[in-house]
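Take a look at the structure below.
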Amino acid sequence: NAGVTQTPKFQVLKTGQSMTLQCAQDMNHEYMSWYRQDPGMGLRLIHYSVGAGITDQGEVPNGYNVSRSTTEDFPLRLLSAAPSQTSVYFCASRKTVSDTQYFGPGTRLTVL
Amino acid sequence: EDQVTQSPEALRLQEGESSSLNCSYTVSGLRGLFWYRQDPGKGPEFLFTLYSAGEEKEKERLKATLTKKESFLHITAPKPEDSATYLCAVQDSRGDFGNEKLTFGTGTRLTIIP
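Chains A and B supply the protein sequences, listed in that same order.
Reading the first sequence from the start, the letters are residues -11 to 100 in this note's numbering.
Reading the second sequence from the start, the letters are residues -18 to 95 in this note's numbering.
Printed below as a string of structure tokens:
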């Protein structure tokens, strides 16, 4: 198993550009989430999904969209990048709400 | 609102010098408390889940314990490869976001000096 994979590993955007961060898992996990990690703050939940076709907002969803067309993939879209979105983004997955959450290697995003 | 506070922010130990990291938490109802290890430039790596007060779990030189208000990560005779940031997180059984959200602390950066 590759576990949770994320691409790209690094990305630099200009303000106003859009892009998609990719996340995939091969563990047949129903639950997938996106978090962002900023210095001096704990990881914060952006969006999550409890299964294919079902997504919902987390605590910091503004400026981001998600979709879940398959169990394996959960892409995160930045609609119009802003400097405040400079962060490290982690995708995570787990089998059920009570199971351990496994994280991907992260995408470091810089918005100029 | 759920809260997690980790202390100290940073800890430097000599190789072989045992110590403990603290995670204090506030939740409406604890579904689980998680410990993760994070190396620079990497994603959090799962270590332990604790579910109820009094529970303990061990893995190599690490031992995690849980009370109703805090958790400790004890490190016995650490080695340089134990250097990392250790994150604590709680899952609230009565929380928002379908209980999916983990509330994380800001971590303890542990450095083991050879």
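Positions of the beta carbon are idealized from the N, C-alpha and C atoms, including for glycine.
Open item on the list: For a test of the three-state rule: what should DSSP assign to D63 of chain B, helix, strand or coil?
Closed with: helix
Open item on the list: As a quick exercise: from B:T92, B:T7, B:Q(-5), pick the residue whose alpha carbon is nearest that of C69 of chain B.
Closed with: B:T7
Task: First and last residue of the uninterrupted beta strand (DSSP E) at H55 of chain B - done: 51 to 56
Task: Short Cβ contact (8 Å threshold) for T84 of chain A with T30 of chain B - done: no
Task: Simplified DSSP state of S72 of chain A, which is helix, strand or coil - done: helix
Task: Residue burial classification, F15 of chain B (beta-carbon count within 10 angstroms, cutoff 16) - done: buried
Task: Residue-chain proximity (G24 of chain B, chain C), Cβ-Cβ < 8 Å - done: In the structure shown, chain C cannot be found, because the protein chains are A and B.
Task: Sequence-distant residues of the same chain with beta carbon closer than 8 Å to L1 of chain A, five excluded per side - done: M7, L66, A69, L97, T98, V99, L100
TODO: Just the chain A side, please: which residues come within less than 7 Å of V71 of chain B by C-beta, in chain order?
DONE: Result: empty, since nearest Cβ-Cβ is about 10 Å, beyond 7 Å.
Task: Test: K82 of chain B CB closer than 8 Å to a CB of chain A - done: yes
Task: Exposure label - K82 of chain B; buried when at least 16 CB within 10 Å - done: buried
Task: Unbroken beta strand (DSSP E) run spanning L14 of chain B, endpoints - done: 11 to 19
Open item on the list: Check whether the segment 43 to 51 of chain A and the segment -13 to 2 of chain B are in contact - that is, three or more C-beta pairs closer than 8 Å.
Closed with: no
Open item on the list: Is the separation between the beta-carbon of G88 of chain B and that of F78 of chain A shorter than 8 Å?
Closed with: no
Open item on the list: Helix, strand or coil for H17 of chain A? Go by DSSP, reduced to three states.
Closed with: coil
- [ ] May I ask which residues mark the beginning and end of the beta strand (DSSP E) holding Y6 of chain B?
- [x] 0 to 7
TODO: Specify the secondary structure class of E(-18) of chain B as computed by DSSP and reduced to three states.
DONE: coil
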